[in-house]
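Asks:
Residue numbers (the numbering used here): 190 to 286.
1. Between residue 248 and residue 229, is the Cβ-Cβ spacing less than 8 Å?
2. Might you give, ordered along the chain, the residues of its own chain that have their beta carbon closer than 7 Å to the beta carbon of residue 220, omitting 5 neighbours on each side?
3. Between the C-alpha atoms of residue 225 and residue 192, what's the straight-line distance to the nearest angstrom?
4. Using a Cβ-Cβ cut-off of 6 Å (strictly less than) and excluding sequence neighbours within five positions of residue 270, which residues of its own chain qualify?
5. Does the beta-carbon distance from residue 245 to residue 222 come in below 8 Å?
6. Identify the continuous beta strand (DSSP E) that holds residue 267 and give its terminal residues.
7. Going straight from the alpha carbon of residue 203 to that of residue 256, what length do you get?
8. Exposed or buried, which one is residue 277 when buried takes at least 16 other CB atoms within 10 Å?
9. Which residue marks the beginning of the alpha helix (DSSP H) containing residue 259, and which one marks its end?
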């Protein structure tokens, strides 16, 4: 039992010292855009099924998950365009659409 508690404590320390990249992406990029559509990035990550591993999950302000298949093409375009641009952080570039 002592070993289990030690591992739990180590995981808690690791989680505190290594912030979630999902939170970073949500705070500094996607939530600013998605809030205009009454949406936000789902920050709780669960690995209950295969579909949970993959792209960022979106939810309404009420906490209801919006499956990516039911998202509009505009929302998908925003996600697929803004995410790579945020991660690449182009400082002096011309981006053509």
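No residue lacks a Cβ here, since even glycine has one placed at the ideal position from N, Cα and C. This one's a predicted model, so the numbers in the text were calculated from it and none came from an experiment.
Replies: Taking the coordinates as given:
1. Less than 8 Å divides the Cβ of residue 248 from the Cβ of residue 229.
2. Cβ within range, chain order: 229, 230.
3. Going by the C-alpha atoms only, they are around 47 Å apart.
4. Here residue 270 has no same chain residue with a Cβ atom under 6 Å from its own Cβ, once five neighbours each way along the sequence are excluded.
5. Taking 8 Å as the Cβ cut-off, residue 245 and residue 222 do not qualify as a contacting pair.
6. Per DSSP, residue 267 belongs to no beta strand (DSSP E); it is in the alpha helix (DSSP H), 262–277.
7. Residue 203 and residue 256 have their alpha carbons spaced roughly 30 Å apart.
8. Residue environment for residue 277: exposed (fewer than 16 other C-beta atoms within 10 angstroms of its C-beta).
9. Per DSSP, residue 259 lies in no alpha helix (DSSP H) and is assigned neither H nor E.
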